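Asker: The sequence shown begins at 1375 in this note's numbering and counts up by one. Next up is a structure, given as structure tokens.
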Amino acid sequence: MNAIRFQSVAMLHWLWLLPILVALILFAATRRRSALRALIDAGLLERIRISVSPARRRAKSILALVGLGFLVIGLARPGWNPRAETIERRGRDVVFLLDVSKSMLAEDLAPNRMERAKLAIQDAVDRLAGDRVGLVVFAGTAIVKCPLTLDYGFFRLMLEDVSTDSISRGGTLIGDGIRKVLDDVFDDQEKQYKDIVLITDGEDHDSFPVEAADTAGKRGVRIIAIGLGDENEGRRIPVTDDQGRKTFLTHQGQEVWTKLDAHTLRKMVNATPGGKYLNVATGTIDLGQVYAELIATAEKKDLESATIKRYDEKFQIFLAIALILLGIDAGLSERRRIAPSSAALCACLLLLPSESHAVATGKLVRQGNEAFAKGDWNTARERFEEASVADPESAQISFNLGAVSYRQEDFAKALEHFSEASLRAKEPILAARAQYNMGNCAFRQAQRQKDSDLEKAIKECQASVSHYQGALRLDPGHQQASENIEVVRLFLKNLLDEQKRRQEEQQQKDEIGQKLKELIERQQTALNDNGRLATSRGPASDPAPADWQNGVKKLPGDQETLQADTADLLTKMQQRIQSTPPPPSTGTSPGNTPTPTPDPNTKLTAASQHVGAAVNEQGAALEPLRQQALSQAQPHQAKALEELVLALQELSNPPDPSNQNDKSDQNDKSDQNDKSDQNDKSDQSDKSDQSDKSDQSDKSDQNDKSDQSDKSDQSDKSDQDAQSDPSKSEDPDNQPQQAQAAPVNEQARDILDEEKENQRRRLPVAGGGRPVDKDW
């Protein structure tokens, strides 16, 4: 045996406590003797000493001290017999080259191009397996934010800190970014195993990106380009002015419109071996899938290898000695007449498994299964909770409680129970099913919150995808989880589109509202001027003062200008109403009827009607003003002012909550067709199958396990037949024909095709702008 090596040397510092314990024991013995002499008669003290054995007391102290010493040594993980082992890592070098120019603030991807790109990179990093990863950002110049590393936590920290302020110099120099990666990140020793994932809108500012890509190709570096943004009309770049208000970037007095330059990006990837261009445009980025298809399957290299010494750990020996010594100490009595084995016997009895305890737990679970099969959720919950008190660490019981909460539509509580089951599960299959049902719960909560709290619904969707991915990691063959990821991501895309639509609608409302306030103020001024002049004329027989005549002559011109500005606003509002496409449906009802989203133009249409009435009243006031019949013009001016105020109030009023409630009620039924209802398939595994392990503890009734499963399955099926709501069924295939007005098990591909058709039918929103010189 060679020299002993401790793997946790810091634990040995606890040995310094042993001398302190020895001192405390000696001090306690001295104080005990002094107290006895002071309180007890000498004759009686001698009789007490006869019943107490000082040798036993000393032996107990020594056993405890030595046992603690061996315990500390065992916790320090001693080992010997070293042997050499070589550890190797294989992977590729992947550098994310991210555009941080101001054009990445464009909001054709919600919330903007920059944040969507960062989320996509995070998704890809979550799926890395042994690859080194780096981060380079560029705008008017390029900097290395993270060199090649296997420390994914550090990479995420650097990625989180990235923004358009990461580089002070404006512009978009893609070629400089590629050259920065080639010169400062990659080495020239190997001409393969290297990838650059370029994420940009492709709007380069004369940095010769194609030539830089050609250089990368000669060095064996592959470029995978992700193109973001609208390739046709472009989008304005939002910025914040000095007063903190949101506005748009201008250059030489004109608004800047940024467009995706897909042509340049295609030429770049074609210059590298195996290069790939992915035109995301304004769609959804899935870099995790890109990694799985293009990078993870590519040829890998040996990243590093190291030879380490491994020792045979022998901590078990020291811990066993410590437990033996401490056990003897616990069983040894200080008194001569008390058998030392009684305490040890009690301890052994406590360690024996309780047969009756296991039988009671299995019975409660079995009763809960029977109640669940009958649809008696309250009774099932009571039995499972009683079983949980008896066996609080059971993953199966936690899973059962989650399934009951899900059936009672308490998705937050169900999520909590499934999370406990996932953490406690020892079998990967059970953990995968718990993760899958957590994804279902999160998606259900997102459906509930999409009308009341859109931001929270988006977070719940992201959590749902994460849970489904966790289920796939534990059980790669879980087909429903992979299908549900597609559906949830489509639902998430709709939520992000709705968020973007609301932001644009609110911005337009603010602009129209601001213009209405200006028109109201001007109309009020015109009305006041009319009233002031009408009351200051004096007797008709007297000649009119010159200033009065000038004021009266000015009134028609001011009113006519005001009418023209009001008519211009009306035209813009009508154009906006005509150019806004009808809102997409958010689901289907049991009759397969689309559930429409409330029309965002309802308020705008009502407001435009008031503005149109105001234009008419302003026109009616013009002729009396031209004829200097001021009193006849005042009613028309007052009515125009009233209509403008009503238009502003119409825009400012919140939407009717009753409509939202109706929509929410429909969603609970319409979402029956979502693929996420596959959770009910998982729930088939629910009560009967999961409880079987607990039932195994029932020593007296081994046959109840299979019997119970059969009964529970039959009850489940009959329960399904009684369901009128397809979303509550455990298996769509068991539904009666008359209950299937809409397909319950709708395929993800059908949903995706429907979304593509909806996008094709949408009318394009007016936009565009003349290109200007670039510094963004």
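Beta carbons: idealized from backbone N, C-alpha and C, even for Gly. A quick note: this is a predicted structure, and the numbers were derived from the prediction, not measured.
Please look up how many angstroms separate the CB atoms of Ile1611 and Ser1779, rounded, as I've assumed it's under 8 Å.
Answerer: The sequence position of residue 1611 within the sequence shown is 237, counting from 1. The sequence position of residue 1779 within the sequence shown is 405, counting from 1. Wrong, their Cβ atoms sit about 47 Å apart, outside the cutoff.
Asker: Along the alpha helix (DSSP H) that carries Leu1943, what are the first and last residues, could you check?
Answerer: Locating residue 1943 in the sequence shown gives position 569, counting from the first residue. Taken as a continuous stretch (DSSP letters only), the alpha helix (DSSP H) holding Leu1943 covers 1920–1953.
Asker: Quick check: the Cα distance between Val1468 and Leu1697, rounded to an integer number of angstroms?
Answerer: For the purposes of this step, residue 1468 is identified with residue 94 of the sequence shown, where counting begins at 1. For the purposes of this step, residue 1697 is identified with residue 323 of the sequence shown, where counting begins at 1. Each residue's alpha carbon lies about 51 Å from the other.
Asker: Can you grab the Cα-Cα spacing for the pair Glu1767 / Arg1798, in whole Å?
Answerer: Translated into positions along the sequence shown, residue 1767 becomes position 393. Translated into positions along the sequence shown, residue 1798 becomes position 424. Cα-Cα distance, rounded: 7 Å.
Asker: In chain order, what residues of the same chain have a beta carbon less than 7 Å from the beta carbon of Glu2024, not counting five sequence neighbours either side?
Answerer: What you label residue 2024 is simply residue 650 of the sequence shown in a count that begins at 1. So the qualifying residues of the chain are Lys1977, Ala1980, Ala1981, His1984.
Asker: What are the residues that DSSP puts in a beta bridge with Gly1508?
Answerer: Here residue 1508 is taken as the residue at index 134 of the sequence shown, counted from 1. DSSP output for Gly1508 lists Val1469 as bridge partner(s).
Asker: By Cβ distance, which residues of its chain are closer than 7 Å to Gly1576, with the 5 residues on each side in sequence left out?
Answerer: For the purposes of this step, residue 1576 is identified with residue 202 of the sequence shown, where counting begins at 1. Hits under 7 Å: Gly1601, Leu1634, Asp1635, Ala1636, Thr1638, Leu1639.
Asker: I need the DSSP call for Ile1541, collapsed to helix, strand or coil.
Answerer: Locating residue 1541 in the sequence shown gives position 167, where the first residue counts as 1. Note: Ile1541 maps to coil in three-state DSSP.
Asker: How should Leu1454 be labelled, buried or exposed, when 16 other C-beta atoms within 10 angstroms of its C-beta is the threshold for buried?
Answerer: Position 80 of the sequence shown, counted from the start, is the residue given in the question as residue 1454. Per the sequence presented here, residue 1454 reads as Trp, with Leu not at that position. Looking at its Cβ environment, which holds fewer than 16 other Cβ atoms inside 10 Å, Trp1454 is exposed.
Asker: Could you give the DSSP three-state label for Tyr1651: helix, strand or coil?
Answerer: In the sequence shown, residue 1651 corresponds to position 277, counting from 1. Reduced to three states, the DSSP call for Tyr1651 is strand.
Asker: Quick one: what's got a C-beta closer than 7 Å to Val1383's C-beta in the same chain, skipping five residues either side?
Answerer: Against the sequence shown, residue 1383 aligns to sequence position 9. Taken in chain order, the residues that qualify are Ala1450.
Asker: Can you check DSSP and say which residues form a bridge with Asp1686?
Answerer: Residue 1686 sits at position 312 when you count from the first residue of the sequence shown. Asp1686 is bridged to Trp1454.
Asker: Just the C-alpha distance for Glu1744 and Pro1850, rounded to the nearest angstrom, thanks.
Answerer: Within the sequence shown, residue 1744 is the residue found at index 370, counting from 1. Within the sequence shown, residue 1850 is the residue found at index 476, counting from 1. If I take the Cα positions, the gap works out to 32 Å.
Asker: Can you name the start and end residues of the beta strand (DSSP E) that Leu1522 belongs to?
Answerer: As a working note, residue 1522 is residue 148 in the sequence shown. Run containing Leu1522: 1516–1523, per the beta strand (DSSP E) assignment.
Asker: Which residues bound the alpha helix (DSSP H) around Val1643?
Answerer: In the sequence shown, residue 1643 corresponds to position 269, counting from 1. 1636–1644 is the span of the alpha helix (DSSP H), which, as asked, contains Val1643.
Asker: Please report the residue range of the beta strand (DSSP E) in which Leu1602 lies.
Answerer: Translated into positions along the sequence shown, residue 1602 becomes position 228. 1595–1602 is the span of the beta strand (DSSP E), which, as asked, contains Leu1602.
Asker: Do you know how far the Cα of Ile1695 is from the Cα of Phe1380?
Answerer: Along the sequence shown, one-based indexing puts residue 1380 at 6. Along the sequence shown, one-based indexing puts residue 1695 at 321. Spanning the two alpha carbons is a distance of roughly 18 Å.
Asker: How would you call Arg1406, buried or exposed, if buried means at least 16 neighbouring beta carbons within 10 angstroms?
Answerer: In the sequence shown, the residue the question calls residue 1406 occupies position 32. Exposed is the call here.
Asker: Indicate the three-state DSSP secondary structure (helix, strand or coil) for Thr1546 in the structure shown.
Answerer: Taking the first residue of the sequence shown as 1, we reach residue 1546 at position 172. The answer is coil: DSSP assigns Thr1546 none of H, G, I, E or B.
Asker: Under the assumption that Asp1578 contacts Ile1548 (Cβ atoms under 8 Å), give the Cβ distance between them as a whole number of angstroms.
Answerer: The count along the sequence shown starts at 1 and reaches residue 1578 at position 204. The count along the sequence shown starts at 1 and reaches residue 1548 at position 174. That pair is a contact at about 5 Å.
Asker: Using the C-alpha atoms, what's the distance from Phe1528 back to Phe1470?
Answerer: Position 96 of the sequence shown holds residue 1470. Position 154 of the sequence shown holds residue 1528. Using only the alpha carbons, I get a separation of about 14 Å.
Asker: Which stretch, first to last residue, makes up the alpha helix (DSSP H) that contains Pro1802?
Answerer: The count along the sequence shown starts at 1 and reaches residue 1802 at position 428. Run containing Pro1802: 1802–1823, per the alpha helix (DSSP H) assignment.
Asker: With distances taken Cα to Cα, identify the nearest neighbour of Glu1879 among Ile1951, Lys2013, Leu1929.
Answerer: Start at 1 with the first residue of the sequence shown, and residue 1879 comes out as number 505. With distances taken between Cα atoms, Glu1879 lies closest to Ile1951.
Asker: When the Cα atoms are used, what is the spatial distance from Asn1486 to Asp1535?
Answerer: For the purposes of this step, residue 1486 is identified with residue 112 of the sequence shown, where counting begins at 1. For the purposes of this step, residue 1535 is identified with residue 161 of the sequence shown, where counting begins at 1. If I take the Cα positions, the gap works out to 16 Å.
Asker: Are Arg2152 and Gly1648 closer than 7 Å when you measure CB to CB?
Answerer: Past the edges of the chain, shown from 1375 to 2150, lies residue 2152, and the structure says nothing about it.
Asker: Report the partner residues of Gln1628 according to the DSSP bridge assignment.
Answerer: Counting from one through the sequence shown, the residue named residue 1628 turns up at place 254. Beta-bridge pairing links Gln1628 to His1625.
Asker: Using a Cβ-Cβ cut-off of 7 Å, state whether Asp1467 counts as contacting chain B.
Answerer: The chain inventory of the structure shown lacks chain B, comprising one protein chain alone.
Asker: Applying the 10 Å Cβ sphere with the 16-neighbour rule, what's the burial state of Phe1401?
Answerer: Reading the sequence shown from its first residue, position 27 is the one you call residue 1401. Classification for Phe1401: exposed.
Asker: What three-state label does DSSP hand Ile1886 in the structure shown?
Answerer: Within the sequence shown, numbered from 1, the residue matching residue 1886 stands at position 512. Looking at Ile1886 - three-state DSSP - the assignment turns out to be helix.
Asker: Count the C-beta pairs between the region 1888–1906 and the region 2003–2010 that are closer than 8 Å, then say yes if the count reaches three, no if not.
Answerer: They touch, by the three-pair rule.
Asker: Using the three-state DSSP reduction, which class does Pro1917 fall into: helix, strand or coil?
Answerer: If you number the sequence shown from 1, residue 1917 lands on position 543. In this structure, Pro1917 counts as coil in the three-state DSSP scheme.
Asker: With DSSP as the reference, label Ile1570 as helix, strand or coil.
Answerer: What you label residue 1570 is simply residue 196 of the sequence shown in a count that begins at 1. Here Ile1570 sits in strand by DSSP.
Asker: Short of 6 Å in beta carbon distance, which residues of its chain neighbour Ser1796, apart from the five on each side in sequence? Order them along the chain.
Answerer: Your numbering for residue 1796 matches position 422 in the sequence shown. Cβ within range, chain order: Ala1805, Ala1808, Gln1809.
Asker: Hey, Gly1627 and Asp1482 are a contact pair by Cβ (cut 8 Å); roughly how many whole angstroms apart?
Answerer: Working through the sequence shown from its first residue, we reach residue 1627 at position 253. Working through the sequence shown from its first residue, we reach residue 1482 at position 108. The pair is not a contact, with the Cβ atoms about 24 Å apart (cut-off 8 Å).
Asker: With DSSP collapsed to three states, give me the class of Arg1379.
Answerer: Locating residue 1379 in the sequence shown gives position 5, where the first residue counts as 1. Residue state, collapsed to three classes: strand.
Asker: From Asn1990 to Gln1949, what distance separates their C-alpha atoms?
Answerer: Here residue 1990 is taken as the residue at index 616 of the sequence shown, counted from 1. Here residue 1949 is taken as the residue at index 575 of the sequence shown, counted from 1. About 19 Å.
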